[in-house]
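Novice: Sharing a structure, written as structure tokens. Questions coming.
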Amino acid sequence: MLDLILDPYGFPFWILIFSIVILVFGLALRPFITHMKFAYTNALFEAIGNPFIEVKDLDRIVDSKDLSGFKESINNLKDYNIEGENTYEVQQSLDEHFIKTIKMMRKNSPKDMNNFYDTYLEKLDLYLVKNMLRNKLEDKTIQDIKIDEAKLEITKELFQKIKENEKKDLPEILKKYGFEKEITDIISQEKINYFILDNKLNKYIINKFKQVKVPYKCEQGKQIFIKRMIDILNIKNVLRAIQLSYNKESCQQLFLGEGQEIAPWKYKEIVDVDQVSQGISSIEGTSYYNVLKDNIEEYNKENSVQVLENALDGLFLKLVRDISLQYFVSIGPTIRYLISKEFEIQNLKVIAKGLGENLSSDIIKKFIVTEVKA
């Protein structure tokens, strides 16, 4: 049989050779197929603008006299059509714009990116999930949370179940919808630590991002993005916990897992301090140290970790830009456009709220997050 297959004058031999050539050609071509899939997508996002609103434009928008002037400034940009007569309505309109952006991205991306976008929409729904759970656990009315505000149908189903059932049924309901035991254990406790509950819900969505399938040659870029996000959240959480005088055991419970640079032993070093400034010193040697060190004076003046969190978010934007450049022919520009747009919407919501409350431009600018320059 083997002699027949290896006989160069026989038909089976040439079938074998042809099959090997096809296999080798397919393996060599596979990365280029991924690049071709993202060619139009990446060109589109770069053409729109990544980021779309530059820092100089944000400064001009902050100087708007009121909400009407704000809407006029925004709507002069071809990508926007914001409506609303008050701060809440304007912020809702901005949220709707972001959802439309994600749907546009999904439509113009390879189909095997669909689950990635669905997971991102679930991440946005998580804020509503947290509010819904808290209201139910504290026996408050949940009428204020509109089920239709959820982006995904499965979230709407979950909300309906929470609304229709008793508080004691929450662990079983969440279990059926894929939430981990860590979360159901917390909500079963008599006294609930909502800071830790929020963090476990963040960990749940991070784990979903880790598992979501993306096109060939995109997994590494996705994982680096997730690990950077984990690092940033870990540092934010532990610094805020230190500021709130959490004990070391509670701080340890906030750990979301190992990121790009913050390993478990490094996180423990940060936990084993008593002051925020000491926590920052523990981060020395990582990419996150300099930006925190540069803002320690402002933190001391404001006595608020929000200053440090904004600085970390600005660094995160810079790190996402680096991922975009490193994985430019695949998933990189997609991640950057998505994150840039999310922070852009967040900044515009901050400006709208500040203008609605007649805050000065100097105060509003303190809460705006822009990319840290290298």
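Numbering-wise (the numbering used here), the sequence shown opens with residue 62 and increments by one.
By construction, the Cβ of each residue, glycine as well, lies at the ideal position given by its N, Cα and C atoms.
Just reading off the alpha helix (DSSP H) that Leu231 is part of, what are its end residues?
Specialist: Run containing Leu231: 231-237, per the alpha helix (DSSP H) assignment.
Novice: Could you compute how far the alpha carbon of Tyr360 sits from the alpha carbon of Ser348?
Specialist: About 19 Å.
Novice: Output the distance between the C-alpha atoms of Asn419 and Glu150, rounded to the nearest integer angstrom.
Specialist: Going from the Cα of Asn419 to the Cα of Glu150 covers about 17 Å.
Novice: Between the segment 359-377 and the segment 246-256, can you find at least three pairs of beta-carbon atoms closer than 8 Å?
Specialist: Taking 8 Å as the limit for Cβ pairs, the verdict is that the segment 359-377 does not touch the segment 246-256.
Novice: Go ahead and pull the three-state DSSP assignment for Pro325.
Specialist: Reduced to three states, the DSSP call for Pro325 is helix.
Novice: Is the segment 121-134 in contact with the segment 399-407, if contact means three or more CB pairs nearer than 8 Å?
Specialist: No contact exists between the segment 121-134 and the segment 399-407.
Novice: Grouping DSSP H, G and I as helix and E and B as strand, with all else coil, what is Ala372?
Specialist: Helix at Ala372.
Novice: Please report the distance separating the alpha-carbon of Leu353 from that of Glu157.
Specialist: Near 33 Å, if we compare the C-alpha coordinates of Glu157 and Leu353.
Novice: Going by Cα to Cα distance, which pick from Lys161, Leu380, Leu317, Val433 is closest to Phe286?
Specialist: Checked all of Lys161, Leu380, Leu317, Val433; the closest Cα to Phe286 is Leu380.
Novice: Does the Cβ of Gly415 have 16 or more other Cβ atoms within 10 Å, making it buried, or fewer, making it exposed?
Specialist: Under this definition Gly415 is a buried residue.
Novice: Whole-angstrom Cβ separation of Leu386 and Gly393, contact assumed at under 8 Å?
Specialist: The pair is a contact, with the Cβ atoms about 7 Å apart (cut-off 8 Å).
Novice: Asp140: which of Pro171, Ile323, Phe106 sits nearest, CA to CA?
Specialist: Comparing Cα-Cα distances from Asp140 to each of Pro171, Ile323, Phe106, the minimum goes to Phe106.
Novice: Helix, strand or coil for Leu88? Go by DSSP, reduced to three states.
Specialist: Because the pLDDT at Leu88 is just 45, under 50, the model does not fix this residue reliably, and the value given afterwards should be weighed accordingly. Looking at Leu88 - three-state DSSP - the assignment turns out to be helix.
Novice: With burial defined as no fewer than 16 other Cβ atoms inside 10 Å of the residue's Cβ, what is the status of Met166: buried or exposed?
Specialist: Met166 comes out buried.
Novice: Please name the residue, chosen from Lys197, Leu231, Ser125, Phe159, that lies closest to Ile412 on a Cα-to-Cα basis.
Specialist: Out of Lys197, Leu231, Ser125, Phe159, Ser125 has the C-alpha closest to the C-alpha of Ile412.
Novice: So, does the segment 331-340 touch the segment 278-293, judging by three or more C-beta pairs under 8 Å?
Specialist: Result no; under three Cβ-Cβ pairs closer than 8 Å.
Novice: Measure how close the beta-carbons of Lys271 and Gly320 come, nearest whole angstrom, since I'm counting them as under 8 Å.
Specialist: Lys271 to Gly320, Cβ: 11 Å. No contact.
Novice: If you follow the alpha helix (DSSP H) that Phe131 is in, where does it begin and where does it stop?
Specialist: Segment 128-136, the alpha helix (DSSP H) holding Phe131.
Novice: May I ask you to report which of helix, strand or coil DSSP gives Leu65?
Specialist: Low confidence applies to Leu65: its pLDDT is 49, below 50, so where it sits in the model is not reliable enough to give any reading.
Novice: Exposed or buried, what is Ala108 when buried is set at 16 or more other beta-carbons lying within 10 Å of its beta-carbon?
Specialist: When all chains shown are included, Ala108 counts as exposed.
Novice: For Lys191, tell me which candidate among Glu233, Gln313, Ile266 has the shortest Cα-Cα distance.
Specialist: Nearest option by C-alpha distance: Ile266.
Novice: What's the gap between the Cα of Leu300 and the Cα of Glu115?
Specialist: Each residue's alpha carbon lies about 30 Å from the other.
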